[in-house]
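Residue 518 in this note's numbering sits at position 91 of the sequence shown, with consecutive numbering throughout. Glycine included, every Cβ here is placed at the ideal spot set by N, Cα and C. Beneath this line is the structure, given in C-alpha cells, with notes to follow.
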Amino acid sequence: MMSKQVNNTRHWLLIAGAVVLSIASAFFIFFWRQNVTEVSTQGRVCYFTDPEFQLRWIHSVEKQGWEEWYQNKSNYLLLTKTYFKAFGAGTPSTEEVETQSRPGFVGYKINRKFTQLNWVVSRLTKGELHYAEHNLLIYQWVPDYSEVIIAPKSYSVIDILKKDDCHDYSQGSTK
C-alpha cells in the first residue's frame with residue numbers, strides 16, 4: 428500500500444513539474460523580449476543585438492568618407508558622433524569637437540535622437556553598416572537608390588526564430 432502512495436505522489440509531482448515547466452516555457456516564448464536593431468529593405472529583413480553600430484559611406488558631393496556612430500536605446504536610435512574627411516554639404520559646424528579622433532577624419536559629438544533611419548544607398552556611395560566586428564555591405568544588398576530602414580525593435584523568441592540575423596549577410600570581422 429505504501430508503495431502505491433509513493434508512486435502516486437511521484438506521478439503527481441511529475442505532472443505538476445511538467446505543468447510548471449510548460450507555463451514557464453510559454454511565458455518565455457510569448458513575453459520575453461530582446462532589444463534589437465532591425466535593418467529592412469525591399470522584402471529583406473535582418474536584425475542584430477549589439478547596441479552600437481556605425482553607418483559608413485562616400486559623400487556624394489565631396490567623394491570622401493563619412494561615418495555616423497549610433498546607439499540603440501530601446502525606443503530610439505541615438506546618433507552619438509560623426510566623422511568625415513572634408514567639409515561641405517551637410518557638415519555639422521556648431522557641435523562639440525569629438526576628442527577621440529580618427530586619423531584623417533574630423534569628428535563631432537552629436538547626441539541626436541531618431542525613431543528610425545531612412546537611408547538611401549547606392550554603389551556610388553558604398554553604404555555600409557558596421558557592428559560587433561561585422562561589416563554589412565548594404566550597397567551590394569539592394570539596387571541603387573534603394574531605401575534602407577534601420578530601427579530599434581523589441582523581438583520575441585518567435586520573431587528571432589522567424590527573421591534572419593544580419594550576421595548571415597555580413598562580410599565577417601572588420602578587424
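Subject >> Cut-off 8 Å between Cβ atoms - residues of its own chain near Lys490, not counting five sequence neighbours on either side >> reply: Start at 1 with the first residue of the sequence shown, and residue 490 comes out as number 63. Counting only residues of its own chain and dropping the five nearest sequence neighbours on each side, Lys490 has no CB closer than 8 Å to any other CB.
**OP:** Could you tell me if the beta carbon of Glu479 falls within a distance shorter than 7 Å of some heavy atom in the ligand FAD?
**Re:** The ligand FAD is not part of the structure shown, which contains no ligands of any sort.
Subject >> Cutoff 8 Å; reference Leu551; Cβ partners in own chain excluding five residues on either side >> reply: Translated into positions along the sequence shown, residue 551 becomes position 124. Taken in chain order, the residues that qualify are Ile485, Ser487, Asp571.
**OP:** Identify whether His486 lies in helix, strand or coil by the three-state DSSP scheme.
**Re:** Translated into the one-based positions of the sequence shown, residue 486 becomes position 59. The answer is coil: DSSP assigns His486 none of H, G, I, E or B.
Original post:
Is the beta carbon of Ser597 less than 8 Å from the beta carbon of Leu544?
Top reply: As a first step, residue 597 must be located in the sequence shown, where it is residue number 170. As a first step, residue 544 must be located in the sequence shown, where it is residue number 117. No, these two residues do not count as a Cβ contact at 8 Å.
**OP:** Compute the Euclidean distance between the alpha carbons of Trp568 and Glu465, then round it to the nearest angstrom.
**Re:** Locating residue 568 in the sequence shown gives position 141, where the first residue counts as 1. Locating residue 465 in the sequence shown gives position 38, where the first residue counts as 1. C-alpha separation (whole angstroms): 15 Å.
**OP:** Could you name the residues of the same chain whose beta carbon sits closer than 6 Å to that of Leu441, not counting the 5 residues immediately before and after it, in chain order?
**Re:** The residue you call residue 441 lines up with position 14 of the sequence shown. Same-chain partners within the cutoff: there are none.
**OP:** Pick helix, strand or coil for Gly444, following the three-state DSSP scheme.
**Re:** Reading the sequence shown from its first residue, position 17 is the one you call residue 444. If DSSP states are grouped into helix, strand and coil, Gly444 belongs with the helices.
Subject >> Cα-Cα separation between Lys553 and Trp493, rounded to whole angstroms >> reply: The sequence position of residue 553 within the sequence shown is 126, counting from 1. The sequence position of residue 493 within the sequence shown is 66, counting from 1. Going by the C-alpha atoms only, they are around 11 Å apart.
**OP:** Kindly indicate which three-state DSSP category Val584 falls into: helix, strand or coil?
**Re:** Locating residue 584 in the sequence shown gives position 157, counting from the first residue. In the structure shown, Val584 sits in a helix (DSSP, three-state: H, G or I).
**OP:** Can you give me the start and stop residues for the alpha helix (DSSP H) that Tyr566 sits inside?
**Re:** The residue you call residue 566 lines up with position 139 of the sequence shown. Residues 565-568.
Original post:
So the beta strand (DSSP E) Lys391 belongs to, where does it begin and stop?
Top reply: Nothing can be reported for residue 391: it is not among the residues displayed for the chain, which extend from 428 to 602.
Subject >> DSSP-derived helix/strand/coil call for Asn502 >> reply: The residue given as residue 502 occupies position 75 in the sequence shown. In the structure shown, Asn502 sits in coil (DSSP, three-state: anything other than H, G, I, E or B).
Original post:
Would Phe511 be called buried (16 or more neighbouring beta carbons within 10 Å of its own) or exposed?
Top reply: One-based indexing of the sequence shown puts residue 511 at position 84. Per the 10 Å Cβ criterion, buried.
Original post:
Quick one: is His557 buried, meaning 16 or more other Cβ sit within 10 Å of its Cβ, or exposed?
Top reply: Reading the sequence shown from its first residue, position 130 is the one you call residue 557. The residue is buried, with at least 16 neighbouring Cβ atoms inside 10 Å.
Subject >> Neighbour-count burial assignment, Ser600, 16 or more Cβ in a 10 Å radius >> reply: Locating residue 600 in the sequence shown gives position 173, where the first residue counts as 1. Model confidence at Ser600 stands at a pLDDT of 46, short of 50, so the residue's coordinates are unreliable and nothing is read from them.
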